[in-house]
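Here the sequence shown is numbered in this note's numbering, starting from 2 and rising by one per residue.
Working notes for the structure below.
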Amino acid sequence: MIHEIKRLLKNTTEEEMHDLLLSMFMSMEAHEKTDQYTKSQLVKDLERTYHSFLEYKENQLDIKSHKGYRAVHIVFGDSTSGSLKQALKELNYQEEERIIRFSDMLEVGPIWQLHKEEGLNYRYEWLKNHINLDDEYIDEYNYIFNHTVSMMKAIPKTTPIMIWTGENAHEQTALRYVLFLLKDKINDIFILNASKKYKDQFNVPNNECFPLHTGEILPEKLVMIYEESRKQAPVSQHQLEEFVEEWQALSTMKECLRIWEKREIINVEETYYDNYIINKAKQLHKERGYNDFIHSARLIGEVMGHLNQSIGDSFFEYRVRQLILKGIFEIKGVPKAMRYYSVRLK
Numbered sequence: 002m003i004h005e006i007k008r009l010l011k012n013t014t015e016e017e018m019h020d021l022l023l024s025m026f027m028s029m030e031a032h033e034k035t036d037q038y039t040k041s042q043l044v045k046d047l048e049r050t051y052h053s054f055l056e057y058k059e060n061q062l063d064i065k066s067h068k069g070y071r072a073v074h075i076v077f078g079d080s081t082s083g084s085l086k087q088a089l090k091e092l093n094y095q096e097e098e099r100i101i102r103f104s105d106m107l108e109v110g111p112i113w114q115l116h117k118e119e120g121l122n123y124r125y126e127w128l129k130n131h132i133n134l135d136d137e138y139i140d141e142y143n144y145i146f147n148h149t150v151s152m153m154k155a156i157p158k159t160t161p162i163m164i165w166t167g168e169n170a171h172e173q174t175a176l177r178y179v180l181f182l183l184k185d186k187i188n189d190i191f192i193l194n195a196s197k198k199y200k201d202q203f204n205v206p207n208n209e210c211f212p213l214h215t216g217e218i219l220p221e222k223l224v225m226i227y228e229e230s231r232k233q234a235p236v237s238q239h240q241l242e243e244f245v246e247e248w249q250a251l252s253t254m255k256e257c258l259r260i261w262e263k264r265e266i267i268n269v270e271e272t273y274y275d276n277y278i279i280n281k282a283k284q285l286h287k288e289r290g291y292n293d294f295i296h297s298a299r300l301i302g303e304v305m306g307h308l309n310q311s312i313g314d315s316f317f318e319y320r321v322r323q324l325i326l327k328g329i330f331e332i333k334g335v336p337k338a339m340r341y342y343s344v345r346l347k
């Protein structure tokens, strides 16, 4: 095992080593300065950092050493990754093509200078202070983010890159961010807009709903979309340059919410949906016939169920908490997660 570790460290960049040591030192400092951060928790966190690093380096070396991959897919979200993995399995491509998963939610939170360390730190602080996220996720946020970026940059120059996107601000923002990161690569790059292809390929009428996010599409449908998409040409250099310019413009903004409208990413204020949330609460009160507490998960589900955007529930839970602080809602329970509390309009 020690030889394997030496092999991995030999192929570790200064930036990766810096991130690893920073994560470990932050855990040690938290243990020394915070009584609530026990020694057992410290050991647990260090073990998680250790195993995450080993897994990342193994995956990275796997990409570098297997130049025979027919394609590398970049997807934005865990559900998309799972569905595409199943689709590739059905096509018997699972050994020939690889998936890199970028799991962040770029429709929410600042993306100012995200391609730089200061921008990533700025985003991390905002998420940590505003969004209810799993402790393990937020603790490892910068580490996982940087590792995913490194894996994309490590794709061999002869391997075609397939980037999956959809009709939503998250995937469209992430698409532009990734193309900025890959701007110096010479690989053939293909953009697969799964939402649009779903609508066109399966003849969905304009007045009917269709999946806005790639992760909403069933694996058997992704199989058909991918098979049809393999006939398309790679993105032209001119198109790539346009996407890069769009990212450079987006990364100058400090707004914390984006929507996808008329095929453009629109930056809006984080209060954009507050009145919509309030009106949904009024509607639920009216349907019940009395002004009783509504489980926050029920309210947020109602909000998302009638939205023509793909925005994560954690953002709407954040806005509900802000409406509580403004005195618009009163609360029963503890707002550590949406399942723990209920609200009603005052």
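Note that the Cβ used here is the ideal one computed from N, Cα and C, for glycine as well.
Which residues bound the beta strand (DSSP E) around residue i?
i: residue 307; result: Counting along the chain, residue 307 falls outside any beta strand (DSSP E), and DSSP gives it neither H nor E.
i: residue 268; result: 265-269
i: residue 338; result: Per DSSP, residue 338 belongs to no beta strand (DSSP E) and is neither H nor E.
i: residue 72; result: 72-76
i: residue 254; result: It is not in any beta strand (DSSP E) - residue 254 carries neither H nor E in the DSSP assignment.
i: residue 163; result: 162-166
i: residue 343; result: 342-346
i: residue 193; result: 190-194
Go ahead and label residue i buried or exposed: buried means 16 or more other beta carbons lie within 10 angstroms of its beta carbon, across all protein chains shown.
i: residue 144; result: buried
i: residue 122; result: exposed
i: residue 51; result: exposed
i: residue 17; result: buried
i: residue 67; result: Because residue 67 carries a pLDDT of 48, less than 50, the predicted location of this residue cannot be relied on, and the following value inherits that uncertainty. Result: exposed.
i: residue 344; result: buried
i: residue 234; result: exposed
i: residue 317; result: buried
i: residue 216; result: buried
i: residue 181; result: buried
i: residue 198; result: buried
i: residue 23; result: exposed
i: residue 160; result: buried
i: residue 108; result: buried
i: residue 39; result: exposed
i: residue 85; result: buried
i: residue 37; result: exposed
Taking the alpha helix (DSSP H) that residue i falls in, what are its first and last residues?
i: residue 182; result: 170-182
i: residue 81; result: 79-91
i: residue 98; result: First-last for residue 98: 98-102, but that is the beta strand (DSSP E), not the alpha helix (DSSP H).
i: residue 25; result: 15-34
i: residue 205; result: Counting along the chain, residue 205 falls outside any alpha helix (DSSP H), and DSSP gives it neither H nor E.
i: residue 149; result: 142-154
i: residue 314; result: 314-326
i: residue 286; result: 275-289
Kindly give me the distance between the Cβ atoms of residue i and residue j, rounded to whole angstroms, as I take these residues to be in contact under 8 Å.
i: residue 156; j: residue 73; result: 5 Å
i: residue 281; j: residue 251; result: About 29 Å separates the two Cβ atoms, so there is no contact after all.
i: residue 211; j: residue 196; result: 7 Å
i: residue 334; j: residue 347; result: Not a contact, Cβ separation roughly 16 Å.
i: residue 28; j: residue 10; result: At roughly 20 Å, the Cβ-Cβ gap does not stay under 8 Å, so residue 28 and residue 10 are not in contact.
i: residue 54; j: residue 105; result: Rounded, the Cβ-Cβ distance is 19 Å, inconsistent with contact.
i: residue 365; j: residue 295; result: Any property of residue 365 remains undetermined from this structure, which presents the chain solely from 2 to 347.
Please list, in chain order, all residues of the same chain as residue i whose beta carbon is under 7 Å from its beta carbon, the five residues on each side excluded.
i: residue 267; result: 259 and 260
i: residue 272; result: none
i: residue 342; result: 297, 332, 333, 334, 335 and 336
i: residue 276; result: none
Give me, in chain order, the residues of the same chain whose beta-carbon lies closer than 6 Å to that of residue i; leave out the 5 immediate sequence neighbours on both sides.
i: residue 254; result: 268
i: residue 131; result: 319
i: residue 110; result: 124, 127, 128 and 257
i: residue 324; result: 330
i: residue 304; result: 278, 281 and 317
i: residue 99; result: 70 and 73
i: residue 236; result: 190 and 192
Between the Cα of residue i and the Cα atoms of the options, which residue gives the shortest distance?
i: residue 125; options: 142, 135, 338 and 137; result: 142
i: residue 174; options: 294, 287, 342 and 116; result: 116
i: residue 148; options: 96, 58 and 170; result: 58
i: residue 312; options: 169, 95 and 31; result: 169
i: residue 172; options: 159, 213, 134 and 202; result: 213
i: residue 297; options: 186, 340 and 32; result: 340
i: residue 187; options: 326, 25, 285 and 242; result: 242
i: residue 338; options: 288, 70, 273 and 136; result: 136
i: residue 112; options: 206, 239 and 247; result: 247
i: residue 21; options: 249, 36 and 56; result: 56
i: residue 140; options: 34, 33, 308 and 47; result: 47
i: residue 158; options: 184, 274, 138 and 203; result: 184
i: residue 49; options: 138, 284 and 118; result: 138
i: residue 81; options: 263, 218 and 96; result: 218
i: residue 134; options: 97, 207 and 314; result: 314
Take residue i and list the residues in its own chain whose beta-carbon comes closer than 8 Å to its own, dropping the five residues that flank it on each side.
i: residue 14; result: 151
i: residue 88; result: 220, 221, 223, 224 and 227
i: residue 176; result: 77, 164, 166, 192 and 244
i: residue 179; result: 75, 103, 153 and 164
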